[in-house]
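J.: Take this structure first; my questions come after.
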Amino acid sequence: MISLDAPVLIEIRDLCACVDDQPILNGVNLTIRAGEIHALMGRNGSGKSTLSKVLAGHPAYKVTEGSVLYRGEDLLPLEPDERSRIGLFLGFQYPVEIPGVSNLEFLRVSTNARRLEQGLEELDTFAFEDFVRERLGLVQMDPAFLDRSVNEGFSGGEKKRNEILQMALLEPLVAILDETDSGLDIDALRIVSGGVNQLANVDNATLLITHYQRLLDLIKPDYVHVMAAGRIVRSGDKALALELEQRGYEWVDRELDALEMT
Amino acid sequence: MTSQSHVGQLVSQPYKYGFVTEIETEKIPKGLDEDVVRLISEKKNEPQFLLDFRIRAYRHWLKLQAPDWAGLGYPPIDYQDIVYYAAPKQKEKKNSLDEVDPTLLETFDKLGIPLSEQKRLSNVAVDAVFDSVSIATTYKEKLAEHGVVFCSITDAVNEYPELVRRYLGTVVPSNDNYFAALNSAVFSDGSFVFIPRGVECPMELSSYFRINSGDIGQFERTLIVAEEGASVSYLEGCTAPMFDTNTLHAAVVELVALDDASIKYSTVQNWYAGDENGVGGIYNFVTKRGHCCGERSKISWSQVETGSAITWKYPSCILQGADSVGEFYSVALTNHRQQADTGTKMIHLGPRTRSTIVSKGISAGHSANSYRGLVQMGPKAVNAKNYSQCDSMLIGDQAGANTYPYIRSQQPDASIEHEASTCRISEDQLFYLQSRGIDFEAAISMIVSGFCRDVFSQLPMEFAAEADKLLALKLEGSVG
Ligand SMILES: Nc1ncnc2c1ncn2[C@@H]1O[C@H](COP(=O)(O)OP(=O)(O)OP(=O)(O)O)[C@@H](O)[C@H]1O
Ligand SMILES: [Mg+2]
Numbered sequence: 000m001i002s003l004d005a006p007v008l009i010e011i012r013d014l015c016a017c018v019d020d021q022p023i024l025n026g027v028n029l030t031i032r033a034g035e036i037h038a039l040m041g042r043n044g045s046g047k048s049t050l051s052k053v054l055a056g057h058p059a060y061k062v063t064e065g066s067v068l069y070r071g072e073d074l075l076p077l078e079p080d081e082r083s084r085i086g087l088f089l090g091f092q093y094p095v096e097i098p099g100v101s102n103l104e105f106l107r108v109s110t111n112a113r114r115l116e117q118g119l120e121e122l123d124t125f126a127f128e129d130f131v132r133e134r135l136g137l138v139q140m141d142p143a144f145l146d147r148s149v150n151e152g153f154s155g156g157e158k159k160r161n162e163i164l165q166m167a168l169l170e171p172l173v174a175i176l177d178e179t180d181s182g183l184d185i186d187a188l189r190i191v192s193g194g195v196n197q198l199a200n201v202d203n204a205t206l207l208i209t210h211y212q213r214l215l216d217l218i219k220p221d222y223v224h225v226m227a228a229g230r231i232v233r234s235g236d237k238a239l240a241l242e243l244e245q246r247g248y249e250w251v252d253r254e255l256d257a258l259e260m261t
Numbered sequence: 000m001t002s003q004s005h006v007g008q009l010v011s012q013p014y015k016y017g018f019v020t021e022i023e024t025e026k027i028p029k030g031l032d033e034d035v036v037r038l039i040s041e042k043k044n045e046p047q048f049l050l051d052f053r054i055r056a057y058r059h060w061l062k063l064q065a066p067d068w069a070g071l072g073y074p075p076i077d078y079q080d081i082v083y084y085a086a087p088k089q090k091e092k093k094n095s096l097d098e099v100d101p102t103l104l105e106t107f108d109k110l111g112i113p114l115s116e117q118k119r120l121s122n123v124a125v126d127a128v129f130d131s132v133s134i135a136t137t138y139k140e141k142l143a144e145h146g147v148v149f150c151s152i153t154d155a156v157n158e159y160p161e162l163v164r165r166y167l168g169t170v171v172p173s174n175d176n177y178f179a180a181l182n183s184a185v186f187s188d189g190s191f192v193f194i195p196r197g198v199e200c201p202m203e204l205s206s207y208f209r210i211n212s213g214d215i216g217q218f219e220r221t222l223i224v225a226e227e228g229a230s231v232s233y234l235e236g237c238t239a240p241m242f243d244t245n246t247l248h249a250a251v252v253e254l255v256a257l258d259d260a261s262i263k264y265s266t267v268q269n270w271y272a273g274d275e276n277g278v279g280g281i282y283n284f285v286t287k288r289g290h291c292c293g294e295r296s297k298i299s300w301s302q303v304e305t306g307s308a309i310t311w312k313y314p315s316c317i318l319q320g321a322d323s324v325g326e327f328y329s330v331a332l333t334n335h336r337q338q339a340d341t342g343t344k345m346i347h348l349g350p351r352t353r354s355t356i357v358s359k360g361i362s363a364g365h366s367a368n369s370y371r372g373l374v375q376m377g378p379k380a381v382n383a384k385n386y387s388q389c390d391s392m393l394i395g396d397q398a399g400a401n402t403y404p405y406i407r408s409q410q411p412d413a414s415i416e417h418e419a420s421t422c423r424i425s426e427d428q429l430f431y432l433q434s435r436g437i438d439f440e441a442a443i444s445m446i447v448s449g450f451c452r453d454v455f456s457q458l459p460m461e462f463a464a465e466a467d468k469l470l471a472l473k474l475e476g477s478v479g
């Protein structure tokens, strides 16, 4: 839902970042307001995941230029855990496995960290079980996954569902979902999209990183952006995604080349 | 700041049991000769057989050389510079806790081991050893109702000389190795447990060893005997003050399990480990061995090792009875300049004997952490089975981890399976937890604790959480 009066949640200006001195982001600009759903598309290797990790504070990426404001405050000096506690969420493209760490315990510690920041009461093991069971329904996940180690031995699709479960527990203000649709079967895609739609409201925002229109059929974006070589090179509404679906990225390249010539 | 350098700072946590108790102590002069051995025996009013045992051991020890095969680096120990007997002065021999010096009770309170009637743990009997002597054993009467004997080895020698005589030195002979011989000559105190036929010990038993004096060696001796069909779970804990000299701790533990008996022996070891430059700390040179002499008997070792400047320790099982079972679950955490060479020996003698080894080594700082294990299948160990899993986790890039699995088999039907892995805490795992609001320190200890889960799950309930906390503590520190 677009409303230009809605508060700006995240404002990215000329963001440049590198890994091992190799530049990957080359001046990203993006503004996301409360209530909006943005889709970020672009070729493999164009820098989408990198942008998401820089926003979440991954230590391997160094910001060399530009700024990111989160609700008007500088986001970049914050540790990744602080960013999470104030409501930034990254659903990973490749969630890692953490052997031996109980998923349930992990989810509880994580949820409580966020709740404490929000001034809410910590949930003890019993209260949390109730809460998590309710949220499991949102992604129709089997409670058996709570008793396993974090992501260990989860199938690709199960890992993605576990990510959305975490989003449902943490109730972030800005959720970045990196290819949450990849690896999901047709039913799971519908269920997970349903979950994301239910969590979206006028106060929060979602940035969907995806390659496929089929996700955007289920979660309707207000804006669609195309990334190339570490920059957002084109923005539009959902028609842009449909155009990409039909014509591929070459068309964007050609337009860009033409632009650079003039 | 990279996360690896972060981690380095994290594992440095001040040792919180480093205080010294001010108490009047009776010490014999430094040094070791046959007269000192006689003096110790005399102080304890020992029967002749025990004095003979000590003298034999001492004479044998003189002929031995300190082992160097583990490649541990430490200067030669001056055995004449050690006090072999130190005991807090007490007016009379204590008959009940009320008569124990309150300073000592306070010390154990401070260590989290309350002994007094009101505060003690409800389902754990404790034998508290201070320097060379046991100062109190709780729940003695309640245990006696079940026929269970739990007391200091000194008391056992006086009250149950026949039992001690029958079993002492049968699992770890006094000439077994350098440190075992030394211990046999000069051991001062330790715990004795006897579970009679058919009895399931009604509570956890626990010994707590506290070294207080800086110049003493602690040579404790523990003997646990479970008769036919008996079972017991025993836990050992230990701490010491911070001294800049090294203190020698050379214990011997012997376990005997008869037919269908089971003994679970858990250790949470938190000796003072020395400072970050490797100055001070305990040398922990320990011989622990269990003898599954009965059929279908079972001995299970679980250990969480976090202290000691040097650990040299191989809790082992001799699986003699048919269908007997040996287990070894170990977590060893080293940091700074600590050295640990630890593992187990599973000696399969009887048919269909089974053993499981799960070892988790975590090395940080400049420490060295080795697993050394032997699996031996004797000619009669038909269809015997062993499974070993040895995993190492490296924190930072200055620490070392090694695995030395030795296998000897004279039995073609035996099956031996060995898995080993080495990993680092990955930046991505840390980032994943952090991006879920979990701060850096908590994330590290969560990952480490997950790594150790297979071992923690083997600890008695009451202590699993304790071990988890201890590890977290050792990993905690200031985030720079
Ligand atoms: N840690 C890293 N070390 C080296 N190169 C990296 C690292 N992270 C990203 N890159 C490089 O940066 C570029 C952008 O990668 P990124 O993962 O952001 O792409 P993406 O747009 O998410 O691609 P995809 O659609 O395939 O997921 C790629 O060329 C990638 O190889
Ligand atoms: Mg990507």
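As they're listed, the protein sequences go chains E and L.
Going left to right, the first sequence walks through residues 0 to 261 as numbering that gives the first Met the number 0 numbers them.
Going left to right, the second sequence walks through residues 0 to 479 as numbering that gives the first Met the number 0 numbers them.
Idealized CB from N, CA, C, for every residue including glycine.
Which residues does DSSP pair with L/Trp311 in a beta bridge?
T.: As a first step, residue 311 of chain L must be located in the second sequence, where it is residue number 312. Partner(s): L/Phe284 and L/Asp340.
J.: From L/Lys312 to L/Thr343, what distance separates their C-alpha atoms?
T.: For the purposes of this step, residue 312 of chain L is identified with residue 313 of the second sequence, where counting begins at 1. For the purposes of this step, residue 343 of chain L is identified with residue 344 of the second sequence, where counting begins at 1. The alpha-carbon atoms of L/Lys312 and L/Thr343 are separated by roughly 8 Å.
J.: Using DSSP with H/G/I as helix, E/B as strand and the rest coil, what is L/Tyr405?
T.: Along the second sequence, one-based indexing puts residue 405 of chain L at 406. In this structure, L/Tyr405 counts as strand in the three-state DSSP scheme.
J.: Relative to chain E, which residues along the region 418-440 of chain L have a C-beta separation below 8 Å, given in chain order?
T.: Of all residues in the region 418-440 of chain L, Ser425, Glu426, Asp427, Gln428, Phe430, Tyr431, Leu432, Gln433, Ser434, Arg435, Gly436, Ile437, Asp438 and Phe439 have a Cβ within less than 8 Å of some Cβ in chain E.
J.: Residues around ligand 1, please: the ones whose beta-carbon is closer than 6 Å to some heavy atom of it, in chain order.
T.: After applying the 6 Å Cβ criterion, the set is E/Val18, E/Ile23, E/Gly41, E/Asn43, E/Gly44, E/Ser45, E/Gly46, E/Lys47, E/Ser48, E/Thr49, E/Ala59 and E/Gln92.
J.: Determine which residues share a DSSP beta bridge with E/Gly41 and list them.
T.: Taking the first residue of the first sequence as 1, we reach residue 41 of chain E at position 42. Answer by DSSP bridge pairing, in chain order: E/Met226.
J.: Measuring only between beta-carbons, confirm whether E/Arg132 sits less than 9 Å from chain A.
T.: Here the protein chains are E and L, and chain A is not one of them.
J.: Keeping to the same chain, check which residues put their C-beta closer than 6 Å to that of L/Val252; ignore five residues upstream and five downstream.
T.: As a working note, residue 252 of chain L is residue 253 in the second sequence. Taken in chain order, the residues that qualify are Thr221 and Lys287.
J.: Taking the straight line between their C-alpha atoms, what separation do you get for L/Ala135 and L/Asn157?
T.: As a position in the second sequence, residue 135 of chain L is number 136, starting the count at 1. As a position in the second sequence, residue 157 of chain L is number 158, starting the count at 1. One C-alpha to the other measures close to 16 Å.
J.: Quick one: which unbroken beta strand (DSSP E) runs of 3-plus residues sit fully inside the region 316-392 of chain L? Chain order, please.
T.: Segments of the beta strand (DSSP E) lying fully in the region 316-392 of chain L: 324-333, 338-347, 353-362 and 367-376.
J.: For L/Pro87, which of helix, strand or coil comes out of DSSP?
T.: Start at 1 with the first residue of the second sequence, and residue 87 of chain L comes out as number 88. Three-state result, L/Pro87: strand.
J.: Just grab the DSSP bridge partners of E/Arg233 for me.
T.: Here the question's residue 233 of chain E lines up with position 234 in the first sequence. In the DSSP output, where bridge partners are listed per residue, E/Arg233 has E/Val225.
J.: Output yes if chain L places a C-beta closer than 9 Å to the C-beta of E/Pro58; else output no.
T.: Position 59 of the first sequence holds residue 58 of chain E. It does: the Cβ of E/Pro58 has a partner Cβ on chain L nearer than 9 Å.
J.: Using a C-beta cutoff of 9 Å, does E/Leu172 count as contacting chain L?
T.: For the purposes of this step, residue 172 of chain E is taken as residue 173 along the first sequence, with counting starting at 1. Output row for E/Leu172: interface = no.
J.: Where does L/Ser205 land, buried or exposed, given buried means 16+ other C-beta within 10 angstroms?
T.: The count along the second sequence starts at 1 and reaches residue 205 of chain L at position 206. The residue in question, L/Ser205, is buried, as its Cβ has 16 or more Cβ neighbours within 10 Å.
J.: What does L/His450 touch in chain E if you count any residue whose Cβ is under 8 Å from its own?
T.: Along the second sequence, one-based indexing puts residue 450 of chain L at 451. Checking the sequence, you will find Phe at residue 450 of chain L rather than His. Those within 8 Å of L/Phe450 in chain E are Pro98 and Gly99.
J.: Under three-state DSSP, which class holds L/Phe455?
T.: Within the second sequence, the letter at position 456 stands for residue 455 of chain L. In this structure, L/Phe455 counts as helix in the three-state DSSP scheme.
J.: Using a Cβ-Cβ cut-off of 8 Å (strictly less than) and excluding sequence neighbours within five positions of L/Gly72, which residues of its own chain qualify?
T.: Working through the second sequence from its first residue, we reach residue 72 of chain L at position 73. Closer than 8 Å at Cβ, skipping near neighbours: Gln338.
J.: What residues in the region 106-123 of chain E have a beta carbon less than 7 Å from any beta carbon of chain L?
T.: Listed by position along the chain: Val108, Ser109, Ala112 and Arg113.
J.: Pop quiz: L/Val99 and L/Lys26 are said to be a contact at Cβ under 8 Å. What is the actual Cβ separation, rounded to whole angstroms?
T.: For the purposes of this step, residue 99 of chain L is identified with residue 100 of the second sequence, where counting begins at 1. For the purposes of this step, residue 26 of chain L is identified with residue 27 of the second sequence, where counting begins at 1. Not confirmed; about 20 Å, so no contact.
J.: Compute the minimum distance between the beta carbon of E/Glu178 and the heavy atoms of ligand 2, and state whether it is under 8 Å.
T.: Residue numbering aside, residue 178 of chain E sits at position 179 when the first sequence is read from its first letter. Yes, Cβ of E/Glu178 sits closer than 8 Å to a heavy atom of ligand 2.
J.: Determine the contact status of E/Ala314 and E/Ala38, defining contact as a CB-CB distance below 9 Å.
T.: Coverage of chain E is limited to positions 0 through 261, which leaves residue 314 of chain E absent and any answer about it impossible.
J.: Whose Cβ in chain L lies nearer than 8 Å to the Cβ of E/Glu128?
T.: Locating residue 128 of chain E in the first sequence gives position 129, where the first residue counts as 1. Correct list: empty, because the minimum Cβ distance to chain L is about 18 Å.
J.: Quick one: Cα of E/Asp236 to Cα of E/Arg134, how far?
T.: In the first sequence, counting from the first residue as 1, residue 236 of chain E sits at position 237. In the first sequence, counting from the first residue as 1, residue 134 of chain E sits at position 135. Roughly 31 Å separates the two Cα atoms.
J.: What do you get for L/Thr137, buried or exposed, if any count of 16 or more other CB atoms within 10 angstroms of its CB means buried?
T.: Looking up residue 137 of chain L in the second sequence gives position 138. By the 10 Å Cβ count, L/Thr137 comes out buried.
J.: Residues of chain L with CB under 7 Å from E/Gln165, in chain order?
T.: Numbered from 1 along the first sequence, position 166 holds the residue referred to as residue 165 of chain E. By Cβ distance, chain L contributes Arg435.
J.: Look up L/Val123 in the DSSP assignment and say whether it is helix, strand or coil.
T.: Numbered from its first residue, the second sequence carries residue 123 of chain L at position 124. L/Val123: strand per DSSP, three-state reduction.
J.: For the region 159-235 of chain L, which segments carrying the alpha helix (DSSP H) assignment without a break, of at least 4 residues, lie completely within its bounds, in sequence order?
T.: Runs found: 160-166 and 177-185.
J.: Express the C-alpha separation of L/Leu247 and E/Pro94 in angstroms, rounding to a whole number.
T.: One-based indexing of the first sequence puts residue 94 of chain E at position 95. One-based indexing of the second sequence puts residue 247 of chain L at position 248. Their backbone Cα atoms lie some 48 Å apart in a straight line.
J.: Answer yes or no: the CB of E/Ile175 versus the heavy atoms of ligand 2, is any distance below 8 Å?
T.: Start at 1 with the first residue of the first sequence, and residue 175 of chain E comes out as number 176. No, the beta carbon of E/Ile175 sits no closer than 8 Å to any heavy atom of ligand 2.
J.: Which residues mark the beginning and the end of the beta strand (DSSP E) in which E/Asn111 is found?
T.: Taking the first sequence and counting its residues from 1, the one referred to as residue 111 of chain E is at position 112. Note, E/Asn111: premise wrong, no beta strand (DSSP E); alpha helix (DSSP H) at Asn102 to Glu116.
J.: First and last residue of the alpha helix (DSSP H) that includes L/Lys109?
T.: In the second sequence, residue 109 of chain L corresponds to position 110, counting from 1. Start and end: Pro101 to Lys109.
J.: Any C-beta of chain L sitting closer than 9 Å to the C-beta of E/Glu78?
T.: The residue given as residue 78 of chain E occupies position 79 in the first sequence. Yes, contact with chain L.
J.: For E/Asp73, which of E/Arg147, E/Gly56 and E/Leu89 has the nearest alpha-carbon?
T.: As a position in the first sequence, residue 73 of chain E is number 74, starting the count at 1. Minimum Cα distance to E/Asp73 is reached at E/Gly56.
J.: Give me the chain E residues within the contact set of L/Met460, using Cβ-Cβ distance strictly less than 8 Å, ordered along the chain.
T.: On the second sequence, residue 460 of chain L is found 461 positions in, with the first residue counted as 1. Simply none; closest approach about 16 Å.
J.: Could you give the residue range of the alpha helix (DSSP H) that holds L/Val19?
T.: By one-based count along the second sequence, residue 19 of chain L stands at place 20. No alpha helix (DSSP H) holds L/Val19; DSSP gives it neither H nor E.
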